[in-house]
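Take a look at the structure set out below.
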Amino acid sequence: MARPRTVTDQAILDGALEVANRRGPANVTFASVSAVVGLSPATLVQRFGTKEALLRAALERAWDLLDEATAREDERQPVTPDGAVALVTALWPEGQGDEAYAEGLLLLYEDMRDPVLRARGVRWRAALMQALGRRLASDPARQDELGRLMASQWQGAQIWWAFEREGRGREAVAAELRTWLKALAVDKP
Numbered sequence: 001m002a003r004p005r006t007v008t009d010q011a012i013l014d015g016a017l018e019v020a021n022r023r024g025p026a027n028v029t030f031a032s033v034s035a036v037v038g039l040s041p042a043t044l045v046q047r048f049g050t051k052e053a054l055l056r057a058a059l060e061r062a063w064d065l066l067d068e069a070t071a072r073e074d075e076r077q078p079v080t081p082d083g084a085v086a087l088v089t090a091l092w093p094e095g096q097g098d099e100a101y102a103e104g105l106l107l108l109y110e111d112m113r114d115p116v117l118r119a120r121g122v123r124w125r126a127a128l129m130q131a132l133g134r135r136l137a138s139d140p141a142r143q144d145e146l147g148r149l150m151a152s153q154w155q156g157a158q159i160w161w162a163f164e165r166e167g168r169g170r171e172a173v174a175a176e177l178r179t180w181l182k183a184l185a186v187d188k189p
């Protein structure tokens, strides 16, 4: 009879994401994850087979978490331009210091290399654009356009903030998005 699992796969994947966010995806090894979750490297090998499979499963878990957070914020935030800003800024990783932001870009690189993970990104973008567009315009054609543009502006604002590091990331990006909305004269859906 098999022994009961004391640590769930979900907890292991969360531990792998912790390592990836803190030290980069190249440092997601059975040994590094073992140190976080308290299981032996051999046990992790039995569950995931290879380092690559562990990392991919962890990245799929990250997409699951992002999908859940996006849906939750879409339900929670008001259907207004300020609600659009609040939605995307709420997706800034909790507990991740601004200094760790660049490690997240390394995860994005891994997502772009893998066709399955890249497809997850495309699906998430569509959901995000729809959630943003509803908050920016009442006309469906305009919703698509403004949702896409705001998603792009948000991503760009994050990257430029990462270079400049002026102020706290979440607040700096929110201010940039509010300036963008004002420049477009978007004040109600």
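Take the sequence shown: its letters are residues 1 to 189, numbered as in full-length UniProt numbering. Just so you know, even glycine gets a beta-carbon here, dropped at the ideal spot from N, CA and C.
Under 9 Å between C-beta atoms of residue i and residue j
i	j	result
alanine 16	valine 28	yes
leucine 177	methionine 150	yes
valine 79	arginine 134	yes
aspartate 67	alanine 127	yes
aspartate 14	arginine 61	yes
tryptophan 63	tryptophan 124	yes
leucine 146	leucine 184	yes
leucine 55	glutamate 110	yes
alanine 131	glutamate 73	yes
residue 199	leucine 106	For the chain, the structure presents residues 1 to 189; residue 199 sits outside this window and is missing.
arginine 120	methionine 112	no
valine 19	serine 40	no
glutamate 103	arginine 170	no
Cβ-based burial, residue i [other Cβ within 10 Å; buried from 16]
i	result
threonine 50	exposed
methionine 129	buried
valine 122	exposed
glutamine 143	buried
threonine 89	buried
proline 81	buried
alanine 58	buried
glycine 167	exposed
glutamine 153	buried
The stretch 153-161 in contact with the stretch 169-184 per 3-pair CB rule at 8 Å: Touching, yes.
Length-filtered (3 minimum) beta strand (DSSP E) runs lying within the stretch 6-33: Segments of the beta strand (DSSP E) lying fully in the stretch 6-33: there are none.
Secondary structure, alpha helix (DSSP H): runs of 4+ residues fully inside the stretch 59-130: 81-90 and 101-113
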